[in-house]
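Note that the protein sequences, when read in sequence, are chains P and E.
Letter by letter, the first sequence follows residues 1 to 188 of the UniProt record's numbering.
Letter by letter, the second sequence follows residues 1 to 210 of the UniProt record's numbering.
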Amino acid sequence: MAEQFYGEPTLAERFRDGDSSALSEMYGKYSAPMFVIALKLLGRRDLASDAVQRAFVQAWQAADRFDVSRELQPWLYAITRRAAIDVFRRERRAADTLPLEPEQLDRVVSVEDVTMEETWRIWQVRRALDELPADERDVLRLAYHEGMSQSEVAQHLGIALGTVKSRTARAQRHLAEKLAHLREDVPL
Amino acid sequence: MRDEQSQDSVASGDRELESLLRLPEMWAAVPTDLKERCLAVNRAPGSDLENVVPFGRPRSLRHRAARSRRRLVVLVAAAAAIVVGATGLVTTLTQPDAQTFALSGTELATGAKARAELRDTPSGVEITLRTSGLDGAAPGTYYEAWVKGAKGLVPIGTFHLRGESDRVVLWSGVDMAAYPAMTVTVQPEGGGAASSGRVVLSGAVPPGKR
């Protein structure tokens, strides 16, 4: 994490002031959770990309009105969710005139069923995962995403089973620390 | 075969967290082109974007002018980049050598839409645009179509739609694979050759069909 010096403008302040490097930094920090919740809501990577891009445009458009005393993440989260819903509605309108395949339509009709609380949790977990050291994130990904056992993870990575176990435990502990606030923290 | 005992040891005991970690979306990789689309400002040439009217954004105070110009360039460049992933991108092969895709109206023409049909010919790419909901260009203005890719913006024709037909034939001398995004702008007569940036329709050839 970049060190913040006294008197140096924060990311939120630079963003508010129209510093394009702040936009780049925001992309680096938040594009993944933005994309993940858009994908959760829309079910298609192309639509999720649209939503994230819309969110960035809308955020930048509103940047000079951003209250820097507020947290940037819940604000960006709300914009992203709104942008995804806009994309969803656009697709639903387009479905009246465009030859969408049934399975494409099925993927974009459930956006309003995903609660704000759920998407916020997803955002937070993805942010926390992105902040983990790569080796810790990898063992969690292989276990939870790829469905591997500890032994399979060890074989896959070419490391000892004991190392996988200790790394996994460390990753889970770090993740739990980063997400300790999760149960009470629902924005908006 | 799953090593159940080892698998159990992966569990953190937090079932809610574990269910989130098992969501396929949780681990999704961000598309590699998304950064360029979102941060188009950093590479925007800007020269033909300075006169663009932003999407309903009020004019800034004088002391904010420089900052607003920078932001405007960001917005316009990003809006142009939206074209790349723009709306309703459904391609159907209507003929063996033709493909179609949808263009959607922007904030400047919310009720408008169009379908573009591309056909490779020995002379270039013939693009037939069928619009709906797009009014004829106001007196003193005209529409101009553009294709856009990594190498820049290329004009492919002008039209006004003041007559009975909503069909327009355009020609591109560049390969659509390299210029997959398409926009239509409204241009002021006498305003020069550069894009006004006032995009009324936008769309793109879907990646899988380029």
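Cβ coordinates follow ideal geometry from the N, Cα and C atoms, glycine included.
Bear in mind that the values here come from a model prediction, so they are computed numbers and not experimental data.
When burial is assigned at 16 or more other CB atoms within 10 Å of the CB, is residue 162 of chain E buried or exposed? exposed
Going along chain P, which residues have a C-beta under 9 Å from residue 145 of chain E? Under the 9 Å cutoff, chain P gives no residues; its nearest Cβ is about 20 Å from residue 145 of chain E.
Strictly under 8 Å for the Cβ-Cβ distance: is residue 77 of chain P near chain E by that measure? no
Residues of chain P with CB closer than 7 Å to the CB of residue 28 of chain E, please, in chain order. 35, 36, 39
Within the 8 Å Cβ cut-off, does residue 25 of chain E reach chain P? yes
Does the beta-carbon distance from residue 12 of chain P to residue 51 of chain P come in below 8 Å? no
Can residue 31 of chain E and residue 49 of chain P be called in contact, C-beta distance under 8 Å? yes
For residue 113 of chain E, collect the residues of the same chain with a Cβ closer than 7 Å to its Cβ; drop the 5 residues on either side in sequence, then sort them by chain order. 102, 103, 104, 105, 132, 133
Note down, in chain order, all residues in the segment 15–30 of chain P with a beta-carbon under 7 Å from any beta-carbon belonging to chain E. 17, 18, 20, 23, 24, 27
With DSSP run on the structure shown, which of helix, strand or coil describes residue 179 of chain E? For residue 179 of chain E, the three-state secondary structure derived from DSSP is coil.
For residue 35 of chain E, return the contacting residues in chain P, with the cut-off set at a CB-CB distance below 8 Å. 27, 31
Within chain P, the residues that residue 31 of chain E reaches when beta carbons sit closer than 7 Å: 45, 49
Are at least three pairs of beta-carbons, each pair with one atom in the segment 58–70 of chain P and one in the segment 33–49 of chain P, less than 8 Å apart? no
Among E/176, E/15, E/34, nearest to residue 46 of chain P - alpha-carbon criterion: E/34
Helix, strand or coil: how does DSSP classify residue 190 of chain E here? coil
Just mark residue 172 of chain P as buried or exposed, buried being the case when its beta carbon has 16 or more other beta carbons within 10 Å. buried
Can you name, in chain order, every residue of its own chain whose Cβ lies under 7 Å from the Cβ of residue 17 of chain E, other than the five neighbours on each side? none
Closer than 8 Å, CB to CB, is residue 66 of chain P near chain E or not? no
From residue 176 of chain P to residue 148 of chain E, what distance separates their C-alpha atoms? 46 Å
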